[in-house]
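Notes follow once the structure below has been shown.
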Amino acid sequence: DAKTTQPNSMESNEEEPVHLPCNHSTISGTDYIHWYRQLPSQGPEYVIHGLTSNVNNRMASLAIAEDRKSSTLILHRATLRDAAVYYCILRRNFGNEKLTFGTGTRLTIIP
Amino acid sequence: NAGVMQNPRHLVRRRGQEARLRCSPMKGHSHVYWYRQLPEEGLKFMVYLQKENIIDESGMPKERFSAEFPKEGPSILRIQQVVRGDSAAYFCASSPGVDQPQHFGDGTRLSIL
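Shown next, in the form of structure tokens:
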């Protein structure tokens with residue numbers, strides 16, 4: 542499986558936008574970029590995924606570089622409830638069902 | 002629409018006992034996945050099942066661990082003769098089909114005395 546690299550931790554002020562980076566220089570053409578987050582004492586929660594084009598949903602936006610070697614998860618207005626560990630995961634399409642979690646980025650929101 | 006339900010939330014066992022962890026997937030989901038999170042570590046894939054079939058068990062320890070997803074009822078992760086190293090949070094996820102996002106339960110925290 543292709544590897545992803547994320548900063549260990551980040552801090553952001555409440556009500557400010559947050560940009561969480563992820564590098565995946567060995568990504569292959571059939572790898573989708575998935576983001577999950579895990580709040581304290583809870584299971585992971587799906588956030589967003591994409592292949593080539595930027596994606597938006599009610600939780601976040603995903604900006605994917607043109608060469609697909611990096612991506613950025615954007616939380617438009619962070620709240621205290623967004624404090625979590627964020628995981629960037631590459632998932633090959635066509636039936637490779639297991640998710641390979643790295644160490645993720647621990648996001649701290651400062652009130 | 003209820004999410005993925007796991008029970009019990011906390012389970013305490015003595016060394017040598019058996020642990021049975023249950024997972025009811027979301028309504029309409031026929032794919033179930035089990036992951037384990039050891040203390041201070043990331044989640045590791047264990048097994049992927051569809052109804053009555055094990056599809057991928059590449060992350061399951063070779064001994065003492067088994068999983069099933071019967072035609073009726075929840076998926077069960079069974080650990081026989083538990084040891085201290087089995088202490089972890091066990092998460093179940095479900096999805097409606099292949100290549101779909103996985104929805105996770107809040108886990109079962111297993112403690113071995």
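Chain order of the listed sequences is W and L.
Take our numbering: the final residue in the first sequence is number 652, and no numbers are missing along the way.
Take our numbering: the final residue in the second sequence is number 114, and no numbers are missing along the way.
From the three backbone atoms N, C-alpha and C, an ideal C-beta is built for every residue, glycine too.
In this text the structure is predicted, and so the values were computed from the model without any measurement.
Check this for me: beta carbons of residue i and residue j, under 8 Å apart or not?
i: ILE113 of chain L; j: ASP87 of chain L; result: yes
i: VAL559 of chain W; j: TRP576 of chain W; result: no
i: ALA20 of chain L; j: VAL84 of chain L; result: no
i: TYR36 of chain L; j: LYS28 of chain L; result: no
i: VAL33 of chain L; j: GLU638 of chain W; result: no
i: GLY643 of chain W; j: TYR628 of chain W; result: yes
i: GLU557 of chain W; j: ALA606 of chain W; result: no
i: GLU555 of chain W; j: ILE650 of chain W; result: yes
i: PRO562 of chain W; j: PRO548 of chain W; result: yes
i: MET551 of chain W; j: THR613 of chain W; result: no
i: LYS52 of chain L; j: SER25 of chain L; result: no
i: ARG10 of chain L; j: PRO75 of chain L; result: no
i: ALA625 of chain W; j: LEU592 of chain W; result: no
i: ALA90 of chain L; j: ARG65 of chain L; result: no
i: ALA94 of chain L; j: LEU78 of chain L; result: no
i: LEU603 of chain W; j: ASP623 of chain W; result: no
i: HIS590 of chain W; j: LEU631 of chain W; result: no
i: GLN7 of chain L; j: GLY106 of chain L; result: yes
Using beta carbons (cut-off 8 Å, strictly below), is residue i in contact with chain C?
i: PRO71 of chain L; result: In the displayed structure, chain C is absent; the protein chains listed are W and L.
Give me whichever residues DSSP pairs with residue i in a beta bridge.
i: MET551 of chain W; result: W:LEU648
i: LEU114 of chain L; result: BP columns for LEU114 of chain L are empty, so no partner.
i: ALA68 of chain L; result: L:LEU78
i: ARG23 of chain L; result: L:ASN8, L:ILE77
i: GLN51 of chain L; result: L:HIS32, L:ASN54
i: THR109 of chain L; result: L:TYR91
i: VAL13 of chain L; result: L:SER112
i: ARG37 of chain L; result: L:LYS45, L:TYR91
8 Å is my cut-off, CB to CB: does residue i come that close to chain L?
i: ASN634 of chain W; result: yes
i: GLU586 of chain W; result: yes
i: TYR639 of chain W; result: Going by the sequence as given, residue 639 of chain W is Lys instead of Tyr. With 8 Å as the cut-off, LYS639 of chain W counts as an interface residue toward chain L.
i: GLN547 of chain W; result: no
i: THR567 of chain W; result: no
i: THR593 of chain W; result: no
i: THR646 of chain W; result: no
i: GLY643 of chain W; result: yes
i: HIS617 of chain W; result: no
i: HIS590 of chain W; result: yes
Could you tell me whether the Cβ of residue i comes closer than 8 Å to any Cβ of chain W?
i: VAL99 of chain L; result: yes
i: GLY17 of chain L; result: no
i: PRO102 of chain L; result: yes
i: GLY108 of chain L; result: yes
i: GLY43 of chain L; result: yes
i: PHE66 of chain L; result: no
i: TYR91 of chain L; result: no
i: ASP87 of chain L; result: no
Mind checking residue i: buried by the 16 CB within 10 Å criterion, or exposed?
i: LYS610 of chain W; result: exposed
i: PRO71 of chain L; result: exposed
i: HIS104 of chain L; result: buried
i: THR571 of chain W; result: exposed
i: LEU39 of chain L; result: exposed
i: LEU621 of chain W; result: exposed
i: THR546 of chain W; result: exposed
i: ARG578 of chain W; result: buried
i: VAL48 of chain L; result: buried
i: GLY108 of chain L; result: buried
i: VAL5 of chain L; result: buried
In chain order, each beta strand (DSSP E) run of at least 3 residues that lies wholly inside the region 559-643 of chain W: Counting only runs of 3 or more, we get 559-564, 572-579, 585-591, 602-605, 611-616, 625-633.
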